[in-house]
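Here the numbering used here is used: the first residue of the sequence shown is -17, the next is one more, and so on. Where is the CB? At the ideal position from N, CA and C, for every residue including glycine. The structure presented is a predicted model; accordingly, all values stated were derived computationally and were not measured.
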Amino acid sequence: MTSTFDRHPSPPPTSASVPADGVETFESLDPATGDLVGVHPVAGPEDVALAVERARDAAAWWGNLTFDERAEHLLTWRSVITRRIAQLSELSHRETGKPIPDAQLEIALAIDHVAWAAKHAKKVLGPQRVASGLVMANQKSTVEYKPLGVVGVIGPWNYPVFTPMGSIAYALAAGNTVVFKPSEYTPGVGVWLAETFAEVVGGIPVLQAITGLGATGAALCTSGVDKLAFTGSTATGKKVMAACAERLTPVVIEAGGKDSLIVDEDANIAKAAEAALWGGMSNAGQTCIGTERVYVHEKVFDAFVAEITEQAKGLRAGTDAGAKIGPITMPSQVDVIRGHVQDALDRGATAVVGGADAVGERFVQPTILTHVPETSTAITEETFGPTLAINPVRDMDEAVRLTNAGKYGLAGAVFSKRHGVEIARRIRSGMTSVNGIITFAGVPGLPFGGVGESGFGRIHGPDGLKEFTYAKAITRQRYAPPLNLTSFKRTVKDEKGLNLIVTLLHGGKKTLKP
Ligand code: NDP
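Okay, structure coming up:
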């Protein structure tokens, strides 16, 4: 392999898993037990700058590979992750507390995205012919999408593999190198990803993990990366955007949500309840596209509440094999969840499952509230816990109005036999699943992202690949132009010719053909 890295006889490690003496460190802890999982260095601004510099050198190699060559490396990485899925699941389980089968599901979806990005980058980003139009008929026009250079990725802890992979895999497939700052709660997972990728590319720092706290992420924002992809809270997203503005660094912001699931009167109630329960409770509710609100047609409201209450029996958070929900990963979140549940109850909501007592120190038991006032924080703010707020609505117009009333617009779901897609189209959000729950996230060809305070920009699919590129337009003259328009030698005949063509093309009253 020849590269600019011939200059570096032994490429630097992607991240120091065993920090050297004197290096400032932080601990990653098991949220279920408080046990130590790992110790990681806190990368300061100089370390971040060095990582970005290495990434820029590496980009000179990686960015100049062909799409097929990059795809080969990415597909090898995909295979490595697949073969070691048990190891990565165990690490994710220890750092986040999520049950191992949930960790495996998350990683399996991420693997699928790596493969999709690798296999589709050439078709989506490679040179494509564009019609030149009558006036420029003598030109051959093409557009292609070039890598930006170095992409910074700041990831969250709730889905420490799937979520950042939506940026990492697509940015890499597009020809960028990546400097990845994982959450302080899941640094081990981030380092694991970078180290396995380094194995695939002979140690060249195409994907590096830099560990640390919020300040490390802040340093990445101002490090001169060519784009910054952030996933996390809306509040931090705003700080990231402000920091990036300093150097006019473009950003992708995948922020929070307050998604609703709408149940129409003709819906399959059992299936809708099953989906709402999973959407609200899986991963202990710590899902950006999780269900937090449910709006149910008043004609089927009682039946729905009875059904979901029944299905919720036996579902509990804990560490034993029977517990399907893990702990709250970020300790400070417990107070937020408690506050939202209490606020709803104080304003007159009813707890049909769980309630204020369900919020423990590390674990929150499933809590389902009904008749929750629309002004309470359980409706207006992201709760990020295993809770659902279920309210009756007169009709689907009201369901759509309430769904769209909030500041977020990430995703959502609709259960209806006859009007599902129609209702989905009226929801102001980036993604909606009809008669299913978060199914769009498992379709690699679909874009993922939100509107409003849920952020902007897209990961996944062709849009996700293009997000980490710039469009390059090229026109090549095939033969001399019939009209010499862009020259001081232009004649009156040329000008009349242009007028004639424009009149023929655009002067009529024709409307669009269906
Ligand atoms: P943050 O938004 O604070 O953290 C997300 C990432 O940003 C982490 O890697 C974090 O690093 C990093 N970060 C923190 N401060 C800065 C900064 N100033 N500049 C750059 N990067 C920074 O989320 P939290 O983990 O604090 O969670 C708070 C709330 O956010 C949750 O309660 C939930 O509502 C929401 N959230 C939403 C997610 C989603 O998927 N949409 C994911 C995670 C959280 P570090 O962890 O080291 O502080």
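Option nearest residue i by Cα separation, candidates the options
{"i": "V500", "options": "S165, F144, G134", "result": "Outside the modelled stretch of the chain, which goes from -17 to 496, sits residue 500, for which no answer is possible."}
{"i": "T457", "options": "D3, P109, P27", "result": "P109"}
{"i": "P309", "options": "R52, A387, M263", "result": "M263"}
{"i": "H75", "options": "W139, A119, R111, E380", "result": "W139"}
{"i": "V132", "options": "K80, E35, L56", "result": "E35"}
{"i": "G219", "options": "G434, P464, L487", "result": "G434"}
{"i": "T273", "options": "L351, G185, I419, D302", "result": "I419"}
{"i": "D325", "options": "S314, P313, L351", "result": "L351"}
{"i": "F286", "options": "A371, P355, G437", "result": "A371"}
{"i": "D94", "options": "V112, R60, L116", "result": "R60"}
{"i": "L175", "options": "L11, Q121, G137", "result": "G137"}
{"i": "Q338", "options": "R344, H353, H322", "result": "Sequence check: residue 338 is Ala here, not Gln. For A338, the nearest C-alpha among the options comes from H322."}
{"i": "K281", "options": "F8, N373, L47", "result": "N373"}
{"i": "L71", "options": "T58, A406, E228, A90", "result": "Sequence check: residue 71 is Ser here, not Leu. For S71, the nearest C-alpha among the options comes from A90."}
{"i": "T159", "options": "P355, A41, I319", "result": "A41"}
{"i": "G4", "options": "H22, I409, D17, P83", "result": "H22"}
{"i": "Q121", "options": "A462, D12, T385, S215", "result": "A462"}
{"i": "T311", "options": "R298, E343, I67", "result": "E343"}
{"i": "F450", "options": "A303, L11, K209, T349", "result": "K209"}
{"i": "T369", "options": "D377, T359, V375", "result": "T359"}
{"i": "Y277", "options": "H353, F345, G304", "result": "H353"}
{"i": "I361", "options": "A387, C203, G300", "result": "A387"}
{"i": "P83", "options": "F283, A303, D317, I271", "result": "A303"}
{"i": "G565", "options": "G443, P142, G432", "result": "Any answer about residue 565 is impossible in this case: the structure gives the chain only from -17 up to 496."}
Contact test: residue i Cβ vs the ligand MG heavy atom, cutoff 7 Å
{"i": "E236", "result": "With respect to small molecules bound, the structure shown includes the ligand NDP and not the ligand MG."}
Cα-Cα separation, residue i to residue j
{"i": "L87", "j": "F179", "result": "20 Å"}
{"i": "K478", "j": "E126", "result": "34 Å"}
{"i": "G37", "j": "V30", "result": "It is Ala, not Gly, that sits at residue 37 in the sequence shown. Going from the Cα of A37 to the Cα of V30 covers about 10 Å."}
{"i": "L392", "j": "L486", "result": "45 Å"}
{"i": "D445", "j": "K399", "result": "30 Å"}
{"i": "T213", "j": "Q190", "result": "17 Å"}
{"i": "A151", "j": "V341", "result": "37 Å"}
{"i": "H488", "j": "E404", "result": "35 Å"}
{"i": "N530", "j": "T78", "result": "Residue coverage of the chain in this structure runs from -17 to 496, which leaves residue 530 outside it and unanswerable."}
{"i": "A2", "j": "K389", "result": "45 Å"}
{"i": "V518", "j": "I244", "result": "Summary: the structure shown does not reach residue 518, with the chain confined to residues -17 through 496, and so no result is reported for it."}
{"i": "E9", "j": "A249", "result": "48 Å"}
{"i": "V222", "j": "A200", "result": "7 Å"}
{"i": "E181", "j": "F49", "result": "20 Å"}
{"i": "I483", "j": "A119", "result": "12 Å"}
{"i": "A100", "j": "G148", "result": "12 Å"}
{"i": "G402", "j": "A197", "result": "44 Å"}
{"i": "V24", "j": "P146", "result": "20 Å"}
{"i": "L107", "j": "P164", "result": "28 Å"}
{"i": "E228", "j": "A211", "result": "16 Å"}
{"i": "I319", "j": "G45", "result": "45 Å"}
Beta bridge counterpart(s) of residue i as assigned by DSSP
{"i": "E9", "result": "V21"}
{"i": "Y452", "result": "K128"}
{"i": "F212", "result": "I136, I235"}
{"i": "T48", "result": "Bridge partners of T48: none, in fact."}
{"i": "Q459", "result": "Q121"}
{"i": "R275", "result": "S242, A371"}
{"i": "T332", "result": "T352"}
{"i": "L465", "result": "Partner(s): none; L465 has no beta bridge."}
Buried versus exposed, by CB contacts within 10 Å (16 or more), residue i
{"i": "G427", "result": "exposed"}
{"i": "H102", "result": "buried"}
{"i": "A453", "result": "exposed"}
{"i": "S469", "result": "exposed"}
{"i": "R65", "result": "exposed"}
{"i": "N481", "result": "exposed"}
{"i": "Y167", "result": "buried"}
{"i": "V171", "result": "buried"}
{"i": "G296", "result": "exposed"}
{"i": "K80", "result": "buried"}
{"i": "Q69", "result": "exposed"}
{"i": "T357", "result": "exposed"}
{"i": "S415", "result": "buried"}
{"i": "Q459", "result": "exposed"}
{"i": "G16", "result": "exposed"}
{"i": "V19", "result": "buried"}
{"i": "G490", "result": "exposed"}
{"i": "L73", "result": "buried"}
request  = For the region 387 to 442, list the beta strand (DSSP E) runs that are entirely contained and at least 3 residues long, ordered along the chain.
outcome  = DSSP runs (the beta strand (DSSP E)) wholly in the region 387 to 442: 395 to 397.
Within the region 142 to 187, ranges of the alpha helix (DSSP H) (whole runs, at least 4 residues) = Complete alpha helix (DSSP H) runs here, min 4: 144 to 155, 169 to 182.
Alpha helix (DSSP H) segments (min. 4 residues) lying fully within the region 217 to 250 = Runs of the alpha helix (DSSP H) lying entirely within the region 217 to 250 and spanning at least 4 residues: none are present.
query = Where are the beta strand (DSSP E) runs, 3 residues long or more, that stay fully inside the region 335 to 381, in chain order?
reply = Listed in chain order, the beta strand (DSSP E) runs fully inside the region 335 to 381 are 349 to 352, 369 to 375, counting runs of at least 3 residues.
inquiry  = What ranges does the alpha helix (DSSP H) occupy inside the region 28 to 88, keeping only unbroken runs of at least 4 residues that lie completely in it?
reply    = Under the rule that a run must span 4 or more residues, the alpha helix (DSSP H) segments found entirely inside the region 28 to 88 read 49 to 65, 67 to 78.
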